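A.B. asks:
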Amino acid sequence: MKELSLGKSVKGIEIKGYSFGNENAFNKTLIIGAIHGVEPQSKEVCDMYIEEVKDKLFPEDCYLLLIPCINPDGLSLKTRGNANGVDLNRNFPSSTWKSVPVSGNNSYHPGREPASEPETKIIVNLLKKYNFKKIIAIHTNHTIQFPNVPMINYDGEQSRELAEKLSNATGLLAHADVGYPTPGSLGVWLGKDLKKISTTVELDDKKTSEELYKKHVRLFEVGVIC
Numbered sequence: 093m094k095e096l097s098l099g100k101s102v103k104g105i106e107i108k109g110y111s112f113g114n115e116n117a118f119n120k121t122l123i124i125g126a127i128h129g130v131e132p133q134s135k136e137v138c139d140m141y142i143e144e145v146k147d148k149l150f151p152e153d154c155y156l157l158l159i160p161c162i163n164p165d166g167l168s169l170k171t172r173g174n175a176n177g178v179d180l181n182r183n184f185p186s187s188t189w190k191s192v193p194v195s196g197n198n199s200y201h202p203g204r205e206p207a208s209e210p211e212t213k214i215i216v217n218l219l220k221k222y223n224f225k226k227i228i229a230i231h232t233n234h235t236i237q238f239p240n241v242p243m244i245n246y247d248g249e250q251s252r253e254l255a256e257k258l259s260n261a262t263g264l265l266a267h268a269d270v271g272y273p274t275p276g277s278l279g280v281w282l283g284k285d286l287k288k289i290s291t292t293v294e295l296d297d298k299k300t301s302e303e304l305y306k307k308h309v310r311l312f313e314v315g316v317i318c
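Heads up: the sequence shown is residues 93 to 318, going by this note's numbering.
1. Between which residues of its own chain and L282 is the CB-CB distance below 6 Å, once the five residues before and five after are set aside?
2. What residue does the alpha helix (DSSP H) around T212 start on, and which one ends it?
3. Buried or exposed, going by whether 16 or more other CB atoms sit within 10 Å of the CB of R204?
4. In whole angstroms, what separates the C-alpha of K190 from that of L158?
5. L295 and T235 look like a contact to me (Cβ under 8 Å); what is the Cβ gap, rounded to whole Å?
6. Using a 10 Å radius around the Cβ and a threshold of 16 neighbouring Cβ atoms, would you call L149 buried or exposed?
7. Among the candidates P275, T292, S134, whose CA atom is the shortest distance from the CA of T300?
8. If we ignore side chains and look at the alpha-carbon of each, how far apart do F312 and K146 end up?
9. By Cβ distance below 8 Å, which residues in the same chain neighbour I127 in space, the five residues on each side in sequence not counted?
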């Protein structure tokens, strides 16, 4: 395992990534946690996986870059958005990006322009640097305005197979429609615009991190090797 410094948040907090395996492997995976600061379990299950595998042999034909917390300011502030009040999952440079929250709720503020935020830029730049075969974003279904059930959400037909494999591994249903508009989201940008294989995992916000990890640990195992 290697610890990487990927950049800094709005408040200057270092954002770390952890890499495993062979960087030259074709099967490269990016896993991202804590895009929203009100979903701490999404970071904590990533931390648990790191602790479990950091001293173990990793498959030589795989590479994993794991970012447990892309939004440390939001996590500290207990807000959905970052320190600028921007919802990072509405700030990606997708064709659907809107300059105002479609719901009128500033918890979903998209920022002054696509990829305006340093945390968003980190992910955009990683996608330029690495040809990831697949990207998995881990969330919880924490509800501010739009409720949804725990699920494996995917955008684009190319992502269906990964979503179904993760569904079989976790027991979470795979859905192509999260149930509400997500302009400027990571999933839309990756799946619809870049045609990348990607999924958004929505874990049960009512469960503890320990419960979620015990129940869904195969999310990581299957996500890496498939």
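The C-beta atom is built at its ideal place from N, Cα and C for all residues, glycine as well.
All values reported here derive from a predicted model rather than from experimental measurement.
C.D. replies: In terms of the structure at hand:
1. Position 190 of the sequence shown, counted from the first residue, corresponds to residue 282. For L282, where only same-chain residues beyond five positions count, the Cβ hits under 6 Å are I227, K288, S290.
2. Stepping through the sequence shown from its first residue, residue 212 is reached at position 120. That run of the alpha helix (DSSP H) goes 210-221.
3. As a first step, residue 204 must be located in the sequence shown, where it is residue number 112. Exposed.
4. Here residue 190 corresponds to residue number 98 of the sequence shown, with the count starting at 1. Here residue 158 corresponds to residue number 66 of the sequence shown, with the count starting at 1. Cα to Cα, the separation comes out at about 29 Å.
5. For the purposes of this step, residue 295 is identified with residue 203 of the sequence shown, where counting begins at 1. For the purposes of this step, residue 235 is identified with residue 143 of the sequence shown, where counting begins at 1. Wrong, their Cβ atoms sit about 13 Å apart, outside the cutoff.
6. Counted from its first residue, the sequence shown places residue 149 at position 57. Its Cβ having fewer than 16 others within 10 Å, L149 is exposed.
7. As a position in the sequence shown, residue 300 is number 208, starting the count at 1. Checked all of P275, T292, S134; the closest Cα to T300 is S134.
8. By 1-based counting over the sequence shown, the position of residue 312 is 220. By 1-based counting over the sequence shown, the position of residue 146 is 54. In a straight line, the C-alpha of F312 is about 13 Å away from that of K146.
9. Along the sequence shown, read from residue 1 onward, the residue named residue 127 stands at position 35. Cβ within range, chain order: S134, I162, N163, L180, N181, A229, H231, L278.
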